[in-house]
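Protein chains: 2
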Amino acid sequence: MARTTGSDGERTEAAVREAAVNLIARCGYEAMSMRQLAAEVGVQAAALYRYFPTKEDLLFTLMRDHMQGLREAWEHSRPAGADPARQLAAYVRNHIAFHIGRRHATHVSNMELRSLSPDRLTQILRMRTAYEKELRSILRDGAEAGIFSIEDTGLTAMALIQMMTGVIVWFRPGERLSIAEVTETYLSMTMRLVGARMATDTTAPRVPSDAQSML
Amino acid sequence: MARTTGSDGERTEAAVREAAVNLIARCGYEAMSMRQLAAEVGVQAAALYRYFPTKEDLLFTLMRDHMQGLREAWEHSRPAGADPARQLAAYVRNHIAFHIGRRHATHVSNMELRSLSPDRLTQILRMRTAYEKELRSILRDGAEAGIFSIEDTGLTAMALIQMMTGVIVWFRPGERLSIAEVTETYLSMTMRLVGARMATDTTAPRVPSDAQSML
DNA sequence: GAATTAATTGAACGTTCGTTTTATTATTGC
DNA sequence: GCAATAATAAAACGAACGTTCAATTAATTC
Numbered sequence: 010m011a012r013t014t015g016s017d018g019e020r021t022e023a024a025v026r027e028a029a030v031n032l033i034a035r036c037g038y039e040a041m042s043m044r045q046l047a048a049e050v051g052v053q054a055a056a057l058y059r060y061f062p063t064k065e066d067l068l069f070t071l072m073r074d075h076m077q078g079l080r081e082a083w084e085h086s087r088p089a090g091a092d093p094a095r096q097l098a099a100y101v102r103n104h105i106a107f108h109i110g111r112r113h114a115t116h117v118s119n120m121e122l123r124s125l126s127p128d129r130l131t132q133i134l135r136m137r138t139a140y141e142k143e144l145r146s147i148l149r150d151g152a153e154a155g156i157f158s159i160e161d162t163g164l165t166a167m168a169l170i171q172m173m174t175g176v177i178v179w180f181r182p183g184e185r186l187s188i189a190e191v192t193e194t195y196l197s198m199t200m201r202l203v204g205a206r207m208a209t210d211t212t213a214p215r216v217p218s219d220a221q222s223m224l
Numbered sequence: 010m011a012r013t014t015g016s017d018g019e020r021t022e023a024a025v026r027e028a029a030v031n032l033i034a035r036c037g038y039e040a041m042s043m044r045q046l047a048a049e050v051g052v053q054a055a056a057l058y059r060y061f062p063t064k065e066d067l068l069f070t071l072m073r074d075h076m077q078g079l080r081e082a083w084e085h086s087r088p089a090g091a092d093p094a095r096q097l098a099a100y101v102r103n104h105i106a107f108h109i110g111r112r113h114a115t116h117v118s119n120m121e122l123r124s125l126s127p128d129r130l131t132q133i134l135r136m137r138t139a140y141e142k143e144l145r146s147i148l149r150d151g152a153e154a155g156i157f158s159i160e161d162t163g164l165t166a167m168a169l170i171q172m173m174t175g176v177i178v179w180f181r182p183g184e185r186l187s188i189a190e191v192t193e194t195y196l197s198m199t200m201r202l203v204g205a206r207m208a209t210d211t212t213a214p215r216v217p218s219d220a221q222s223m224l
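Quick mapping for you: the protein sequence lines, in order, are chains A and B.
Each number in our numbering corresponds to the 1-based position in the first sequence with 9 added.
Each number in our numbering corresponds to the 1-based position in the second sequence with 9 added.
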């Protein structure tokens with residue numbers, strides 16, 4: 010056999026990416042074999058090399074797209090010109106929503122960095138640093154404006170990001186808490202952590218809560 | 010050649026463990042080969058099997074000892090009978106000190122869980138859960154006593170642990186901040202996060218800050 | 001409908017992996 | 001100093017790995 014009926018490059022590539030994210034998140038990049046991935050997609054291992062020249066290229070592509078997606082999500086949801094408290098609230102909401110929605114991809118991007126070649130590692134880390142810099146800048150603005158009380162901006166930013174990203178470790182959709190509940194709790198923990206004076210209202214323009222309320 | 014002059018089982022095993030922690034932390038468990046590990050120790054691969062029957066046994070031993078060390082460290086540093094604020098302060102200090110002191114081992118214990126067999130994974134997770142339970146119980150006590158104001162005890166515990174453990178991702182000894190500075194900043198962030206009323210003094214019996222002050 | 005291109009198979013290549021076996025030497029106990 | 005034991009080397013095993021290549025068939029173009 011060779012080309013199969015109904016085969017389509019775009020669909021196959023998308024299937025490979027999705028299966029790879031799930032497999033790498035579950036087994037780890039090194040432990041996932043190309044044959045295993047191919048079997049998941051329903052194809053022979055050699056077919057994968059039509060879309061990704063090497064295994065590492067596949068990993069890098071997944072990571073790069075994930076980081077670009079994160080940046081774009083933040084660019085679309087940032088309230089330009091708003092006060093620091095509102096900006097911080099938007100950052101927290103976006104971060105948690107994005108990471109809960111893409112748990113597996115986040116796992117891959119955070120855990121498999123060491124399997125990248127040095128210059129590709131640098132590329133991904135640069136994207137990550139740029140994203141984190143946004144948070145530091147919000148914290149600095151708020152501290153200078155006297156809205157937040159923060160001892161060390163850089164350290165606080167790292168603490169917040171670790172705390173928020175950590176959601177993906179334990180959160181499982183459909184369990185005790187809804188995404189909305191988790192997000193709001195994290196938001197209030199964040200605001201307390203940065204010592205925000207809560208004169209300003211940090212809640213987003215009220216969206217009718219659709220799929221929450223499951224307890 | 011066979012047995013080398015001056016060879017000693019205990020020393021070799023200790024060297025294997027240390028080299029394994031460092032190698033696994035750097036390259037990952039799957040990516041580390043037994044030959045690579047043996048070379049690091051200065052021995053042939055076959056010699057490793059005198060001490061650990063399989064590669065996974067080695068990993069499990071490292072993880073189990075790490076978790077036991079964490080439990081023992083907490084048992085020695087917990088202030089039994091103290092108020093929740095003091096207990097929380099002790100928990101934070103112990104957690105950060107322990108994890109900064111054993112960055113590589115923590116990395117291994119957190120990142121390589123998926124390489125364990127199901128029942129060994131369960132063993133390690135049980136130890137971890139027991140340790141986390143201590144924190145939840147402190148938070149609950151404090152909340153019930155009206156010392157902390159916490160929305161969700163379980164969620165707050167996970168957020169705090171993720172935040173604190175995250176130190177090992179970015180902290181490098183000898184850089185901008187000393188361990189003592191980092192620890193105290195994290196402590197005050199923690200206290201704000203749980204909404205602690207700071208009537209009680211949470212500072213430890215004052216130790217003269219030795220190797221800090223490098224800025 | 002013939003020629004071209006896209007998508008995939010199946011087999012193979014050389015390497016490396018975890019592990020086992022056997023032999024050999026250092027150390028220890030008597 | 002001689003037996004027993006502890007610690008290692010050296011070589012080998014089969015399996016699995018990432019990757020390549022030639023062949024083959026489906027879809028598209030003209």
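Virtual Cβ for every residue (Gly too), placed ideally from N, Cα, C.
The structure presented is a predicted model; accordingly, all values stated were derived computationally and were not measured.
Whole-angstrom distance between residue j and residue i, CA atom to CA atom
i, j, result
"R95 (chain B)", "G204 (chain B)", "14 angstroms"
"V191 (chain A)", "W179 (chain A)", "11 angstroms"
"G37 (chain A)", "S118 (chain A)", "11 angstroms"
"L67 (chain B)", "M120 (chain A)", "21 angstroms"
"L144 (chain A)", "G151 (chain B)", "31 angstroms"
"R137 (chain A)", "Y58 (chain A)", "28 angstroms"
"S124 (chain A)", "K64 (chain B)", "20 angstroms"
"A48 (chain B)", "A56 (chain B)", "11 angstroms"
"A91 (chain B)", "L134 (chain B)", "28 angstroms"
"T199 (chain B)", "N103 (chain A)", "23 angstroms"
"K142 (chain A)", "E39 (chain B)", "33 angstroms"
"P93 (chain B)", "I170 (chain B)", "17 angstroms"
"Q45 (chain B)", "P62 (chain B)", "17 angstroms"
"I147 (chain B)", "L97 (chain B)", "6 angstroms"
"A154 (chain A)", "V101 (chain A)", "20 angstroms"
"Y140 (chain A)", "H75 (chain B)", "33 angstroms"
"R12 (chain A)", "S42 (chain A)", "23 angstroms"
"S187 (chain A)", "R181 (chain A)", "9 angstroms"
"A114 (chain B)", "Y195 (chain B)", "21 angstroms"
"S197 (chain B)", "Q77 (chain B)", "28 angstroms"
"M167 (chain B)", "A82 (chain A)", "25 angstroms"
"P127 (chain B)", "R201 (chain A)", "39 angstroms"
"Y60 (chain B)", "V25 (chain A)", "41 angstroms"
"R149 (chain B)", "R149 (chain A)", "33 angstroms"
"L112 (chain B)", "G183 (chain B)", "The residue you asked about is not Leu; residue 112 (chain B) is Arg in the sequence shown. Cα-Cα distance, rounded: 14 angstroms."
"S86 (chain A)", "F157 (chain A)", "22 angstroms"
"P88 (chain A)", "A99 (chain A)", "7 angstroms"
"E84 (chain A)", "T165 (chain A)", "22 angstroms"
Unbroken alpha helix (DSSP H) run spanning residue i, endpoints
i, result
"M200 (chain B)", "I188 to L202"
"M43 (chain B)", "M43 to V50"
"E160 (chain B)", "From DSSP, E160 (chain B) is part of no alpha helix (DSSP H); its letter is neither H nor E."
"D74 (chain B)", "K64 to S86"
"Q53 (chain B)", "Segment: none, Q53 (chain B) is in no alpha helix (DSSP H) and carries neither H nor E."
"T118 (chain B)", "In the sequence as displayed, the identity of residue 118 (chain B) is Ser instead of Thr. From DSSP, the alpha helix (DSSP H) with S118 (chain B) extends over R112 to M120."
"P127 (chain A)", "P127 to E153"
"A40 (chain B)", "Where A40 (chain B) is concerned, there is no enclosing alpha helix (DSSP H), given that its DSSP letter is neither H nor E."
Under 9 angstroms by beta carbon: chain A residues contacting residue i
i, result
"Q171 (chain B)", "Q171, M172, M173, T174, G175, V176, V178 and W179"
"T165 (chain B)", "T194 and M198"
Partner residues on chain A for residue i, Cβ-Cβ distance less than 8 angstroms
i, result
"A82 (chain B)", "Per Cβ cutoff of 8 angstroms: no residues; A82 (chain B) is ~21 angstroms from chain A at best."
Under 8 angstroms by beta carbon: chain B residues contacting residue i
i, result
"G51 (chain A)", "Per Cβ cutoff of 8 angstroms: no residues; G51 (chain A) is ~24 angstroms from chain B at best."
Where residue i meets chain B, residues with beta-carbon distance less than 7 angstroms
i, result
"L46 (chain A)", "What L46 (chain A) touches in chain B: nothing, since even the nearest Cβ is about 15 angstroms away."
"E39 (chain A)", "G37, E39 and A40"
Neighbouring residues, chain A, relative to residue i (Cβ below 7 angstroms)
i, result
"E228 (chain B)", "The structure shown does not extend to residue 228 (chain B), since chain B is modelled only from 10 through 224, so no value can be given for it."
Under 9 angstroms from the C-beta of residue i: neighbouring residues of chain B
i, result
"R149 (chain A)", "In chain order: nothing, as chain B lies at least about 16 angstroms away."
"A168 (chain A)", "M172, M173, G175, V176, T194, Y195 and M198"
Got a sec: which bits of the region 183-207 of chain A sit with their beta carbon under 9 angstroms from any beta carbon on chain B, in order along the chain? So the close ones are R185, L186, E190, V191, E193, T194, Y195, S197, M198, T199, R201, L202, V203 and G204.
Three Cβ pairs or more, each shorter than 8 angstroms: is that satisfied between the region 62-71 of chain A and the region 28-44 of chain A? Below 8 angstroms, enough C-beta pairs join the region 62-71 of chain A and the region 28-44 of chain A to call them touching: three or more.
Can you find at least 3 beta carbon pairs, one from the region 97-113 of chain B and one from the region 164-174 of chain B, that sit closer than 8 angstroms? These segments touch.
Counting Cβ pairs, one atom from each stretch, are 3 or more of them under 8 angstroms apart for the region 51-71 of chain A and the region 11-23 of chain A? Contact check between the region 51-71 of chain A and the region 11-23 of chain A: three or more CB pairs, one atom from each, fall below 8 angstroms, which counts as touching.
Between the region 120-132 of chain A and chain B, which residues of the former have CB atoms less than 9 angstroms from a CB of the latter, in chain order? Within the region 120-132 of chain A, the residues whose Cβ lies closer than 9 angstroms to some Cβ of chain B are M120, E121, R123 and S124, listed in chain order.
When the Cβ atoms of the region 143-162 of chain A are set against those of the region 181-199 of chain B, are three or more pairs found closer than 8 angstroms? Contact between the region 143-162 of chain A and the region 181-199 of chain B is present, because at least three Cβ pairs lie under 8 angstroms.
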